[in-house]
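Position one of the sequence shown corresponds to residue 1 (the numbering used here), numbered consecutively onward.
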Amino acid sequence: MEYRGVELMSGRELFRVGPFEKSTNNIGEFLAIVHALALMQQTGESHTIYSDSVTGMAWVRNRKIKTQLTREPANEKCFKMMERALSWLNTHHYSTRILKWQTERWGEVPADFGRK
Numbered sequence: 001m002e003y004r005g006v007e008l009m010s011g012r013e014l015f016r017v018g019p020f021e022k023s024t025n026n027i028g029e030f031l032a033i034v035h036a037l038a039l040m041q042q043t044g045e046s047h048t049i050y051s052d053s054v055t056g057m058a059w060v061r062n063r064k065i066k067t068q069l070t071r072e073p074a075n076e077k078c079f080k081m082m083e084r085a086l087s088w089l090n091t092h093h094y095s096t097r098i099l100k101w102q103t104e105r106w107g108e109v110p111a112d113f114g115r116k
């Protein structure tokens, strides 16, 4: 798994993280959303975040990750990043809109890697 954030208007890649072993796409979507939230808060920018992952968006909204993935040495770094992301969500307020990307109408979300 790897994830990135892409500015919609320009197509410019804002961040890219990974790849990680033994992780899931939902975890990557969750981490990408939180990364984008933190980046915008850090830079003072305000843009809508789009994700095609209902699960990732729910984890952010509920501030809780519900994964069946087993923690093991191969994915320890990813689990630590999830813990850090949850900590950020629980200690920061954000007003950024997070909306579902309408893949059937708009095509693949620009931040995806074209592997679907």
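For glycine and all other residues, C-beta sits at the position ideal for the given N, C-alpha and C.
Under the three-pair Cβ rule at 8 Å, the region 56-65 does not count as touching the region 104-115.
Rounded to whole angstroms, V54 and R63 show a C-alpha spacing of 14 Å. Pairing I98 with S51 gives a Cβ-Cβ distance under 8 Å.
In terms of Cβ geometry, Y3 and A32 form a close pair [threshold 8 Å]. Assignment of R4 by DSSP, reduced to helix, strand and coil, places it in the strand class.
Among the bridge pairs identified by DSSP, F15 is matched with G5.
L69 carries a coil assignment under DSSP once its states are collapsed to helix, strand and coil. If you draw a straight line from the Cα of G28 to the Cα of F20, it is about 9 Å long.
According to the DSSP assignment, K22 belongs to no beta strand (DSSP E), since it is labelled neither H nor E.
In this structure, the straight-line span from the alpha carbon of G18 to that of E45 is close to 24 Å.
S51: member of the beta strand (DSSP E) spanning I49 to S51, first to last residue.
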